[in-house]
Every structure is written in C-alpha cells, then in structure tokens.
Amino acid sequence: ETGVTQTPRHLVMGMTNKKSLKCEQHLGHNAMYWYKQSAKKPLELMFVYNFKEQTENNSVPSRFSPECPNSSHLFLHLHTLQPEDSALYLCASSQGMAGRNYNEQFFGPGTRLTVL
Amino acid sequence: AQSVTQPDIHITVSEGASLELRCNYSYGATPYLFWYVQSPGQGLQLLLKYFSGDTLVQGIKGFEAEFKRSQSSFNLRKPSVHWSDAAEYFCAVGGGTGGFKTIFGAGTRLFVKA
C-alpha cells in the first residue's frame, strides 16, 4: 500500500450504532488530520495530531472521538451520530516537524458515511 | 479572520480553451498557498503550492498559479483544458506561523464540454 488509505470506503449506520473509521499513512509523516466534507460546504477540519499529540480540536461534538496510537494510524470512533453527520470523512497526513509547520497534505480517498 | 474565497461555484469551458480559477484569501501570517483537485469519489490531490520565492508556480498536469500579494490572490490557470480536467478544485491557505490549520475554499466545479 502506498499513500494514505482509509477503511471502510462506505459505511451506513443507525443513530444508536458505534463504529470506527480507520486511516493509515505509508509516507513516514508525523501529522495526521480528520476532515468532514459535506455537500455545498467547505472542507471542515475536525482534528489534527502531530507526533501522536492532538494539536487541534475544531469544536467537534463529543460523539466523534479520535485516536492516534502512532504516527501512522488514525481512528475516528463514532457513536450516537445524527443524520446531519452524513458526509465524506477525509483523512490526510503531512510532514509536520517541530519548529517548522510544513503543511502540504496528502489525502486518503475518504469514507462515505450515511447515518440513518 | 482567516478565509479563502473562490467566487465561482462552477465554471464550464470548452476542451482546448484556457482556464482561470480565482482564489482570494485573508490570512494574518505569511501564507502558504495550495491548489488541490478532487475527482468524484476520490480524496484531494495537490496540484501545486506556493511557500516563497518566484510568484509564478508550476504544478502537475500543466497547471500553474500566480501569487499576487497586493491583491491577496492565488489564481489557477491552464492554457488548454482537457476533458479529464473536469473535477472540483480547492484553493487553500495555511501553515507557516499559522500552525497546522489549513483553511479551504468552498471549491469550484469545472465542467468541460466537447
């Protein structure tokens, strides 16, 4: 595998379900990101991790819970979601380095989430 | 406030015609500027970036962009569009002293007619 991979590619869940999205990057990067992409809205940054530490939480509801066990893997745990959470969830990574915010991001293909 | 504006929601051009997609930004620090392209069902792919130096930058797939500080603009151009260029294009600003947060524009959908 190369680049940034995301699984699953499609997910349908009920409002009471618990599911997780997975992202893996094979680029040797140190920073990883979750974005939400909804129709007719700009890309919304949700979370940023740099060297496994969360550096950004963009006022995301607690029903979204990120986890970054190492610099190559990023998870987004989902529970009691709402229909308005249906969107494309994109993962990205970049070569973040201490003292230098180099911000070119590489994106995965996304997970299309539908909440019923 | 930090923001990126892409004034055109969608643009239609004929194959072989030239293309210019507009982008204006507002950013407190020295901006790092990006253009990404997204094909249906795919993630975003970087076309080109500007960090410093020459204000005319070349990217992949024959695209170029020009940074104009006085106009706070970073417009994307291509001299001759191909049908495979039909996609959504996003301008973004971020990085540098602004940290890891990147602000994306709402996107411009490009349609190419034969």
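Just so you know, the sequences run in chain order A and B.
Numbering follows the working numbering, with no gaps: position 30 of the first sequence is 33.
Numbering follows the working numbering, with no gaps: position 32 of the second sequence is 38.
Glycine included, C-beta positions come from ideal geometry on N, C-alpha and C.
Quiz item: When burial is assigned at 16 or more other CB atoms within 10 Å of the CB, is B/Ile-109 buried or exposed?
Solution: buried
Quiz prompt | Residue-level contact to chain A via CB, B/Gly-34, 8 Å cutoff | solution = no
Practice problem: For the segment 48-64 of chain B, enumerate the residues whose C-beta is nearer than 9 Å to any C-beta of chain A, in chain order. | Solution: Gln-48, Gly-49, Leu-50, Gln-51, Leu-52, Lys-55, Phe-57
Exercise. Answer yes if the segment 81-91 of chain B comes into contact with the segment 20-36 of chain B, meaning at least three C-beta pairs across the two stretches below 8 Å, and no otherwise.
Key: yes
Exercise. State the beta-bridge partners of A/Gly-7 as determined by DSSP.
Key: The amino acid occupying residue 7 of chain A in the given sequence is Val; Gly does not appear at that position. Answer by DSSP bridge pairing, in chain order: A/Gln-28.
Quiz item: Do the segment 25-44 of chain A and the segment 68-86 of chain A make contact, defined as three or more Cβ pairs closer than 8 Å?
Solution: yes
Quiz item: What does A/Glu-120 reach in chain B if we use C-beta pairs closer than 8 Å?
Solution: No answer is possible for residue 120 of chain A: it lies beyond the span of chain A, which begins at 4 and ends at 119.
Quiz item: Does A/Gly-113 get closer than 8 Å to chain B when you measure Cβ to Cβ?
Solution: yes
Quiz prompt | Pair within 8 Å by beta-carbon distance, B/Gly-113 and B/Glu-94 | solution = Yes, the pair counts as a contact, with Cβ atoms nearer than the cut-off.
Quiz item: Under 8 Å between C-beta atoms, does B/Ala-93 make it to chain A?
Solution: Answer no: the Cβ-Cβ gap between B/Ala-93 and chain A never drops below 8 Å.
Practice problem: Classify A/Phe-54 as buried or exposed, calling it buried when 16 or more other Cβ atoms lie within 10 Å of its own Cβ. | Solution: Counting every other CB atom within 10 Å of its CB across the protein chains shown gives A/Phe-54 a total below 16, marking it as exposed.
Quiz prompt | Start and end residues, beta strand (DSSP E) containing A/Asn-53 | solution = 47-53
Practice problem: Find the residues of chain A that neighbour B/Phe-117, judging by a C-beta separation of less than 9 Å, and give them in chain order. | Solution: What B/Phe-117 touches in chain A: nothing, since even the nearest Cβ is about 17 Å away.
Self-check item: Cβ neighbour criterion (16 or more within 10 Å) applied to A/His-29
Solution: exposed
Quiz item: By the criterion of Cβ-Cβ separation under 9 Å, what are the contact partners of A/Phe-110 in chain B?
Solution: Tyr-42, Gln-44, Gln-48, Gly-49, Leu-50, Gln-51, Leu-52
Quiz item: Got a sec: is the Cβ-Cβ distance from B/Lys-107 to anything in chain A below 8 Å?
Solution: yes
Quiz prompt | Neighbour-count burial assignment, A/Lys-43, 16 or more Cβ in a 10 Å radius | solution = exposed
Quiz item: What whole-angstrom Cβ distance do A/Ala-90 and A/Ser-41 have, given they're in contact under 8 Å?
Solution: 4 Å
Self-check item: Candidates A/Thr-117, A/Gly-113, A/Leu-119, A/Phe-109: closest to B/Trp-41 by CA position
Solution: With distances taken between Cα atoms, B/Trp-41 lies closest to A/Phe-109.
Quiz prompt | Chain-order list of residues whose beta-carbon lies under 6 Å from that of A/Thr-5 (same chain, five-residue window excluded) | solution = His-29
Practice problem: Could you please give the first and the last residue of the uninterrupted beta strand (DSSP E) stretch that includes A/Ala-95? | Solution: 90-97
Quiz item: Taking all protein chains shown into account, do 16 or more other C-beta atoms lie within 10 angstroms of the C-beta of B/Gln-1, making it buried, or fewer, making it exposed?
Solution: The structure shown has nothing for residue 1 of chain B, since chain B only spans 7 to 120.
Quiz item: A/Pro-11 and A/Thr-114: beta carbons closer than 8 Å?
Solution: Taking the C-beta atoms as reference points, A/Thr-114 is found nearer than 8 Å to A/Pro-11.
Exercise. With DSSP as the reference, please indicate the residues paired to B/Thr-11 in a beta bridge.
Key: The partner list for B/Thr-11 (beta bridge, DSSP) reads B/Asn-30.
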